[in-house]
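Going left to right, the sequence shown walks through residues 266 to 372 as this note's numbering numbers them.
Ideal placement from N, C-alpha and C gives every residue a C-beta, glycine not left out.
Model, not experiment: these values are computed from the prediction.
Report on the structure given below.
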Amino acid sequence: MGEKQKRQQKLRNVPRIPCIRVPSSAYTHNTPLMKDLTQGQQRYFYSIMRIYNSRSQWEALQNRYIHSLQHQQLLGYITQQEALARAAVLRDSTKRASAKELPEMEL
Numbered sequence: 266m267g268e269k270q271k272r273q274q275k276l277r278n279v280p281r282i283p284c285i286r287v288p289s290s291a292y293t294h295n296t297p298l299m300k301d302l303t304q305g306q307q308r309y310f311y312s313i314m315r316i317y318n319s320r321s322q323w324e325a326l327q328n329r330y331i332h333s334l335q336h337q338q339l340l341g342y343i344t345q346q347e348a349l350a351r352a353a354v355l356r357d358s359t360k361r362a363s364a365k366e367l368p369e370m371e372l
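This is the structure:
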């Protein structure tokens with residue numbers, strides 16, 4: 266019983282190689298690009314796509330801006346109406362940018 270636990274403990278400490286899973290949405294958006302690739306090539310291609318995808322950085326920047334607006338409002342530098350107006354501009358520009366992005370992904 267003790268040997269089995271030691272062996273399991275050793276296995277837990279072994280670093281795992283991350284496996285890149287290609288989501289099914291990647292197949293639907295990039296059908297012409299992905300259809301002739303092997304599974305390994307698809308994983309490699311998707312890992313490159315993830316590296317060059319700036320969506321997470323963009324979302325982090327938006328969150329930082331919203332927190333900055335909240336902080337400025339808390340300090341009294343701007344009013345609540347000004348903060349809401351600036352947040353609305355950010356939201357509208359994000360909608361316009363994402364509307365432009367969708368047709369490109371279908372190519």
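Tell whether a beta-carbon distance below 8 Å holds between Q327 and L355.
Taking the sequence shown and counting its residues from 1, the one referred to as residue 327 is at position 62. Taking the sequence shown and counting its residues from 1, the one referred to as residue 355 is at position 90. Yes, the Cβ-Cβ distance between Q327 and L355 is below 8 Å.
Would you say R337 and I343 are within 8 Å of each other, going by their C-beta atoms?
Mapped onto the sequence shown, residue 337 falls at position 72. Mapped onto the sequence shown, residue 343 falls at position 78. Just to set this straight, residue 337 is Gln in the shown sequence, not Arg. Cβ atoms of Q337 and I343: closer than 8 Å.
Go ahead and label Y311 buried or exposed: buried means 16 or more other beta carbons lie within 10 angstroms of its beta carbon, across all protein chains shown.
Residue 311 sits at position 46 when you count from the first residue of the sequence shown. The residue in question, Y311, is buried, as its Cβ has 16 or more Cβ neighbours within 10 Å.
Short of 6 Å in beta carbon distance, which residues of its chain neighbour K360, apart from the five on each side in sequence? Order them along the chain.
Here residue 360 refers to the residue found at position 95 of the sequence shown. Cβ within range, chain order: n/a, list empty.
What's the C-alpha gap between R308 and Q345?
Within the sequence shown, the letter at position 43 stands for residue 308. Within the sequence shown, the letter at position 80 stands for residue 345. Roughly 47 Å between the two C-alpha positions.
Return yes when the Cβ of L334 is within less than 8 Å of the Cβ of A353, no when it is not.
The residue you call residue 353 lines up with position 88 of the sequence shown. The residue you call residue 334 lines up with position 69 of the sequence shown. No, Cβ-Cβ distance for A353 and L334 is not below 8 Å.
Helix, strand or coil for N328? Go by DSSP, reduced to three states.
Stepping through the sequence shown from its first residue, residue 328 is reached at position 63. Of the three classes helix, strand and coil, the one that applies to N328 here is helix, per DSSP.
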